[in-house]
Amino acid sequence: MIYTLGIDIGSTTSKCVILQDGKDILGTSIFTGGTGTSSPIKAMETVLSETGITKDRLSAIVATGYGRTTFTQAQSQMSELSCHAKGVHHVFPLAKTIIDIGGQDAKVINLSDEGKMANFVMNDKCAAGTGRFLDVMANIFQLTIDQLETEAFKAEKAVKISNTCTVFAESEVISQLASGENISNVIAGICQSVAGRVAALVRRTSFQEDVCMSGGVAKNGAVRKAMEKELGVSIKYSPMAQYMGALGAAIYAYDKTLKERMNSNE
Amino acid sequence: MEKINQLLEEFRNIAENPSKQLEKFLKQGKKVIACAPVYTPEEIIHSMGLIPMGVWGADMEIKEAKSYFPAFICSIAQSILEQGQKGYFDGISAIVIPSLCDSLKCLGENWKYAVPNIPFIPMTYPQNRKNEVGIEFTKASYKRVIKDLERITGQKFSEESLAKSNKIYNEHNEVMRQISDVLVDYPFITASQRNDIFKSAYLMEKENHTSLVKSLIEELKKMPKEENKKIKVITSGILADSKNLLEIFEENNLQIVGDDIAHESRQYRVDIKNDGNALDGLALKFSEMDNCSVLFDVDKKRADYIVNMAKVKNAAGVLMIMTKFCDPEEFDYAIIKKACEEAKIPCIPIEVDRQMVNYEQAKTIVQTFVENI
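Going line by line, the protein sequences match chains X and Y.
If you read the first sequence in the working numbering, its first letter stands for residue 1, the second for the next number, and so on.
If you read the second sequence in the working numbering, its first letter stands for residue 1001, the second for the next number, and so on.
This is the structure:
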């Protein structure tokens, strides 16, 4: 048995996946708090304790995400784009386009038929179209991110949020509420706004189906639905969406182990 | 090797200390003319016994310039104005600012009010530079620059002197093209050291820079060529002098084997023909320049130029260093990307800004490129 661990240290959360023989997921963990916090260590300790795998039985640890370079427990690190591509291809072998919306950025990855990365784009340095935008909006309504989804699905229509800037959009939302607009309709408009912004990024690439979403924002069904409408395609989604980076890192750790064993046998 | 290290250190010292260079020239009693991007007729300035000094801004926090510029404008232009307002250029006799993009036009107009102690000399280029009228227009603009320089500095212009300067600049062009090629065989020279060689050219008298670069070429040629295990790339864009960005290239084992950077090789592609009137030759040179986002070209041949460079240099990809809010580069990017895709050459955009402090996104992009080639 080869056990490997992938850890994705993002801007707002830390995620871990333990894999057996490069394919079977033995356990996952997630903690709020990303790079610069104690969450990466907590996430790793938790997944180890829940799976009963001790650290010395791990063949390799690969870190990814914005905190990848400072996580000293990992033997190597890979970019989150490479890891999301790897993770998504493992779960959806037919995926050609990945839309990964994380806490502070959004990325679109095109995959070849063999699942190799063919192209990628990242968003401008701007909170609009990222998880941070939803966090700010959830804060206005004093709702959790999960509750945003529930509220958005109650909407009769999506109110247009015209400002792309997060700060101005916040004022615009407050103005909409002050003018008596229905909360659910405003929240649906917010989800629509995130989807519209990221869909523009998707259209910069030669995107093809299957299209799938990864990253924390993918959990929000209202954003997924708005994205489907924007792009005119159906979006594949896995409950593992938020763990795709960590999963990819764990697969890379497995590949690395195999390569090292082959080299030592030679 | 010791001599090579000494030379590289000299380039670095000069590139990192423009203020010291300015101070040195002023102490020698020389008059210095600041030359803003992208192309200024340095040859004219040089021929009049003045020191042309390139000013391409600096990585810094921009505060004062925001009184004159909106936030969404090129940070190179903004930081040049900021430096002017903060006194970095005190002692300089004048600044020549060409009209090659909208941001530079605004820089010139703002300069008059924001930095009144340093006179602004406009250099207005024609959009259609290749036909007879365009060449005449360029020449007339040069004459305007000469008139302003004579009035401000008291120095005199002569055709004979310009002819000599043209030769000096042609020789410099040649050594800069040579060094770019020679460096390919010596990958131990880092991206940052390569940039020092190019950047220092703006801060030295050209004949001295030529001599220093020639020495480096000679010393390098004495060494056996190195086995190259680095990943070869082409860079393109207006400016790529950020040490943080260049360090990321080094961390990821990249070697710049050719560039289409305005601040670097774009300056040295075309020589002045010395077979007639020197000022005509200079105007003709501008008409012959191409493959640059700020030089009008309806056919956008720059895209093929970059693809060809990547093929000839056997590069694994093209890194597009996109200065944030640079419209001309953004217009070209879409065409270059398409040409690279058709040629199956990875073309990776990396957005940079003079005010950038966090390079995480650039790091992720470069690492992803390396992991997937």
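Don't be surprised by glycine CBs; every beta carbon is placed ideally from N, CA and C.
Treat the numbers as computed from the prediction; the structure is a model and nothing was measured.
| Asked | Found |
| --- | --- |
| Where residue 1290 (chain Y) falls: helix, strand or coil (DSSP) | coil |
| Inter-residue spacing [alpha-carbon to alpha-carbon] between residue 219 (chain X) and residue 1344 (chain Y) | 35 Å |
| Distance cut-off 6 Å: residue 255 (chain X) Cβ against heavy atoms of the ligand FMN | As for the ligand FMN, it is missing from this structure, which has no ligand bound. |
| Residues bridged to residue 1120 (chain Y) (per DSSP) | Y:1095 |
| Secondary structure of residue 212 (chain X), DSSP reduced to three states | strand |
| Interface flag, residue 81 (chain X) vs chain Y, CB-CB below 7 Å | yes |
| The alpha helix (DSSP H) enclosing residue 1132 (chain Y), as first and last residue numbers | 1132-1153 |
| Contacting residues, own chain, Cβ-Cβ under 6 Å from residue 1182 (chain Y) (five flanking each side not counted) | 1217, 1220 |
| Where residue 230 (chain X) sits in the DSSP three-state scheme | helix |
| Reduced DSSP secondary structure (H/G/I, E/B, other) of residue 1107 (chain Y) | helix |
| Sufficient close CB pairs (3 or more, under 8 Å) joining the stretch 1334-1354 of chain Y to the stretch 43-50 of chain X | no |
| Counterpart residues of residue 1180 (chain Y) in DSSP-defined beta bridges | For residue 1180 (chain Y), which the question treats as bridged, DSSP gives no partner whatsoever. |
| Nearest residue (CA-CA) to residue 36 (chain X), options X:13, X:212, X:167 | X:13 |
| Closest Cα partner of residue 1001 (chain Y) within the set Y:1308, Y:1205, Y:1223 | Y:1223 |
| Under 9 Å by beta carbon: chain X residues contacting residue 1365 (chain Y) | 79, 81, 120, 122 |
| Rounded C-alpha distance that separates residue 1278 (chain Y) from residue 1264 (chain Y) | 25 Å |
| Separation of residue 76 (chain X) from residue 276 (chain X), as counted between CA atoms | Nothing in the structure corresponds to residue 276 (chain X), since chain X is present only between 1 and 266. |
| For residue 80 (chain X) and residue 1024 (chain Y), the rounded distance between their alpha carbons | 48 Å |
| The stretch 1040-1050 of chain Y in contact with the stretch 1137-1154 of chain Y per 3-pair CB rule at 8 Å | yes |
| Per-residue burial, residue 1237 (chain Y) [other beta carbons within 10 Å of its own, 16 or more giving buried] | buried |
| Bridge partner(s) assigned by DSSP for residue 1052 (chain Y) | Y:1033 |
| CB contact flag (residue 4 (chain X), residue 245 (chain X), <7 Å) | no |
| Contacting residues, own chain, Cβ-Cβ under 8 Å from residue 117 (chain X) (five flanking each side not counted) | 81, 82, 85, 109, 110, 111 |
| C-beta atoms of residue 21 (chain X) and residue 7 (chain X) nearer than 7 Å | no |
| Exposure label - residue 1206 (chain Y); buried when at least 16 CB within 10 Å | buried |
| Pair within 7 Å by beta-carbon distance, residue 71 (chain X) and residue 9 (chain X) | yes |
| Pick from X:11, X:16, X:138 that is closest to residue 29 (chain X), judged by C-alpha positions | X:16 |
| Short Cβ contact (7 Å threshold) for residue 94 (chain X) with residue 255 (chain X) | no |
| Endpoints, the beta strand (DSSP E) within which residue 4 (chain X) is located | 3-9 |
| Cut-off 6 Å between Cβ atoms - residues of its own chain near residue 1008 (chain Y), not counting five sequence neighbours on either side | 1193 |
| 7 Å Cβ cut-off: residues of chain X touching residue 1368 (chain Y) | 79, 81, 82, 120 |
| Where the beta strand (DSSP E) containing residue 16 (chain X) begins and where it ends | 13-20 |
| Pairwise C-alpha distance: residue 1111 (chain Y) and residue 1057 (chain Y) | 14 Å |
| Residues that residue 1360 (chain Y) contacts on chain X, provided the C-beta gap is smaller than 7 Å | 66 |
| Within 7 Å, strictly: CB atoms of residue 103 (chain X) and residue 131 (chain X) | yes |
| Contact set between the stretch 95-117 of chain X and chain Y, restricted to residues whose Cβ is under 8 Å from the partner | 105, 116, 117 |
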